[in-house]
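*Asks:* Mind looking over this structure? Questions follow.
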Amino acid sequence: ASETLQVPLRDGNKYNQGFLDVSDRIVAVLSGEPDPGPPVVEEEINIAGNFKSAEETQESNATLWVVVILVVATVVPMVTYFFYQGFS
Numbered sequence: 600a601s602e603t604l605q606v607p608l609r610d611g612n613k614y615n616q617g618f619l620d621v622s623d624r625i626v627a628v629l630s631g632e633p634d635p636g637p638p639v640v641e642e643e644i645n646i647a648g649n650f651k652s653a654e655e656t657q658e659s660n661a662t663l664w665v666v667v668i669l670v671v672a673t674v675v676p677m678v679t680y681f682f683y684q685g686f687s
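Counted from 1, the sequence shown has number 675 at position 76 by my numbering; the numbering is strictly sequential.
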């Protein structure tokens with residue numbers, strides 16, 4: 600029954616449909632009929648992705664941005680300290 604309920608929930612939170620399918624399956628089994636089995640799951644394969652390829656990643660300048668931000672994050676506090684302490 601759990602696999603019968605899971606399929607409609609994964610398809611879009613169809614709780615009523617899931618509970619109706621479970622109750623129909625349980626009634627069929629308890630009345631002596633053969634088990635109709637769980638619903639057929641159709642796998643949807645999403646081929647298109649929103650991630651970059653290896654070539655696009657190597658072309659990006661993300662490493663340069665990280666280095667610049669780290670240098671700025673290191674130098675700005677030093678300059679601020681010198682500004683406040685150096686002129687006194």
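Yeah, the Cβ is synthetic: ideal placement off N, Cα and C, and Gly gets one too.
Report the three-state DSSP secondary structure of E658 (helix, strand or coil).
*Replies:* Residue state, collapsed to three classes: helix.
*Asks:* For P607, does the count of other Cβ atoms within 10 angstroms reach 16, so buried, or fall short, so exposed?
*Replies:* The residue is buried, with at least 16 neighbouring Cβ atoms inside 10 Å.
*Asks:* Reducing DSSP to helix, strand and coil, say where I644 ends up.
*Replies:* I644: coil per DSSP, three-state reduction.
*Asks:* Rounded to a whole number of angstroms, what is the C-alpha to C-alpha distance between V675 and K651?
*Replies:* For V675 and K651, the distance between alpha carbons rounds to 33 Å.
*Asks:* Just to confirm, are P633 and T603 a CB contact at a threshold of 8 Å?
*Replies:* Not in contact: P633 and T603 (Cβ atoms no closer than 8 Å).
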